[in-house]
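What follows is a set of notes on a single structure, which appears directly below.
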Amino acid sequence: MNSFDIQIDFLKKDGDDILNKDIVLTLTGHVQGILKVERTMLNLLQRMSGIATHTKNFVEKIQRTVLLCPTRKTQWGLLDKRAVTLGGGGTHRLGLYDFVLIKDNHIPYIADLASKAKQLNDKNIFWEIEADTAEQVLEFAKLKPSAIMFDNFSPENIAPLVQELHETHPDIILEASGGIHEKTITNYGATDVDIISMGSLTHSVMSLDIGLDIV
643 MNSFDIQIDF LKKDGDDILN KDIVLTLTGH VQGILKVERT MLNLLQRMSG
693 IATHTKNFVE KIQRTVLLCP TRKTQWGLLD KRAVTLGGGG THRLGLYDFV
743 LIKDNHIPYI ADLASKAKQL NDKNIFWEIE ADTAEQVLEF AKLKPSAIMF
793 DNFSPENIAP LVQELHETHP DIILEASGGI HEKTITNYGA TDVDIISMGS
843 LTHSVMSLDI GLDIV
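Per our numbering, numbering of the sequence shown is gapless, rising by one per residue and ending at 857.
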């Protein structure tokens, strides 16, 4: 913060655990300069710490080799994504350019899904398709996508499909998404999906209570 003539000393690193009353950093400088940056600085620390803490709580509940990812439902884009990784999660697409995701509302407008799948596979393009039913899951697996998303499936409905696809199409990445929350995430983790994606990691998270004291 050289433009405000403020010296920053970090007492905690990104991803460190913090306890109540812990000091995260100290600012040394003129009080006017500190007050100019106070709100912006606290907004950043509070939101990112809230997301990281929220993510870590979910990751600890899974306790399996499942990657927990946010969606693109973010307010602060890459900052939100960074906070999730600091909490032990991964990331989904950063943008539409990362890979092809065929959603349920795209399918009616694709004239020939099999031809589109072959085109993507021939070009070695990573692509994922969203399934709403067990029948769709098995049908889409024949198209050899890179990944299949179980959209709003219950853990009980996912588990047998995952077992079957691991035997018949072991190279397909399997993702659970939709309606997953604190009380159900352990059950979803037990289905042996590869990825669990949750929009709630970023779109409605509570900020951590961090304040600034001037001494």
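Where is the CB? At the ideal position from N, CA and C, for every residue including glycine.
Grab the span of the alpha helix (DSSP H) containing residue i for me, first residue to last.
i, result
"E702", "V673 to I704"
"V779", "A776 to A783"
"D834", "No alpha helix (DSSP H) holds D834; DSSP gives it neither H nor E."
"A789", "Counting along the chain, A789 falls outside any alpha helix (DSSP H), though it belongs to the beta strand (DSSP E) covering A789 to D793."
"I800", "P797 to T810"
With H, G and I counted as helix, E and B as strand and the rest as coil, what does DSSP make of residue i?
i, result
"F875", "The requested residue 875 is not part of the displayed model; the chain covers only 643 to 857."
"I846", "Position check: residue 846 holds Ser in this sequence, whereas Ile was assumed. The answer is coil: DSSP assigns S846 none of H, G, I, E or B."
"T668", "strand"
"S819", "strand"
"V742", "strand"
"L755", "helix"
"L720", "helix"
"L653", "coil"
"L710", "strand"
Give the straight-line distance between the Cα atoms of residue i and residue j, rounded to the nearest whole angstrom.
i, j, result
"N829", "L661", "29 Å"
"E817", "D656", "28 Å"
"A725", "M690", "5 Å"
"C711", "G737", "14 Å"
"G821", "T670", "46 Å"
"Q717", "T844", "7 Å"
"E809", "F795", "20 Å"
"D647", "H672", "8 Å"
"T697", "N685", "18 Å"
"S819", "S839", "5 Å"
With a 10 Å radius around its C-beta and 16 neighbouring C-beta atoms as the bar for buried, classify residue i as buried or exposed.
i, result
"T707", "exposed"
"D855", "exposed"
"P802", "exposed"
"F792", "buried"
"P787", "buried"
"F782", "buried"
"F652", "exposed"
Could you say which of the options lies nearest to residue i if we only look at CA atoms?
i, options, result
"D834", "D813, P750, G841 and V804", "V804"
"N747", "G853, L807, D774 and H734", "D774"
"H811", "M848, A789, A776 and V666", "A789"
"K715", "E777, K758, W769 and T733", "T733"
"E798", "A832, D658 and D813", "A832"
"W769", "E777, E781 and L785", "L785"
"G675", "T668, S645, E772 and Q688", "S645"
"I814", "H823, I827, I771 and L850", "I771"
"K765", "G692, V742 and P750", "V742"
"M683", "V666, G719 and I838", "V666"
"G729", "I752, E702 and G719", "E702"
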